[in-house]
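> Residue 3 in the working numbering sits at position 3 of the sequence shown, and the numbers go up by one each step.
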Amino acid sequence: MTRYAKRVDANHSEVVAEFKELLPEASVFDLSGAGRGIPDILVGLKGFNYLFEIKDGSKPPSARKLTKAQQELHSTWQGQICVVHNAGQMLAEIAKTQNTK
1 MTRYAKRVDA NHSEVVAEFK ELLPEASVFD LSGAGRGIPD ILVGLKGFNY LFEIKDGSKP
61 PSARKLTKAQ QELHSTWQGQ ICVVHNAGQM LAEIAKTQNT K
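(1) In chain order, which beta strand (DSSP E) runs of at least 3 residues are fully inside the segment 10 to 48?
(2) Around the C-beta of residue 11, are 16 or more other C-beta atoms found within 10 angstroms, so that it is buried, or is it exposed?
(3) Under 8 Å, do residue 51 and residue 94 count as touching if we go by C-beta distance?
(4) So what does DSSP say about residue 81, is it helix, strand or coil?
(5) Please name the residue in 86, 83, 71, 25 whose C-alpha comes closest to that of residue 98.
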């Protein structure tokens, strides 16, 4: 069986690095190599887990579409999951359940 490297958006590393700088107390685990629609990043903070799919906001909407596997996972997942373009959006999502600044 041939295995292909999973693609990540061009801003992936930058977004993760900025997020870690802004919220260093959070645990961040890169899931981007998992495939099968699994989101790019798992974040843990104060007893909560967050799943983030990072997309490059500088690309046209057609280039930011979720894959079929991602769409299926997002539509059936029973917990938190969202698409973000930057670290600020990650912080905003986390702020919905945390008292963070």
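Using N, Cα and C, we set each Cβ at its ideal position, and we do this for glycine too. Fair warning: this is a prediction, and the values are worked out from it, not measured in the lab.
On the basis of the supplied data:
(1) 27 to 30, 41 to 45
(2) buried
(3) no
(4) coil
(5) Comparing alpha-carbon positions, the option among 86, 83, 71, 25 lying closest to residue 98 turns out to be 25.
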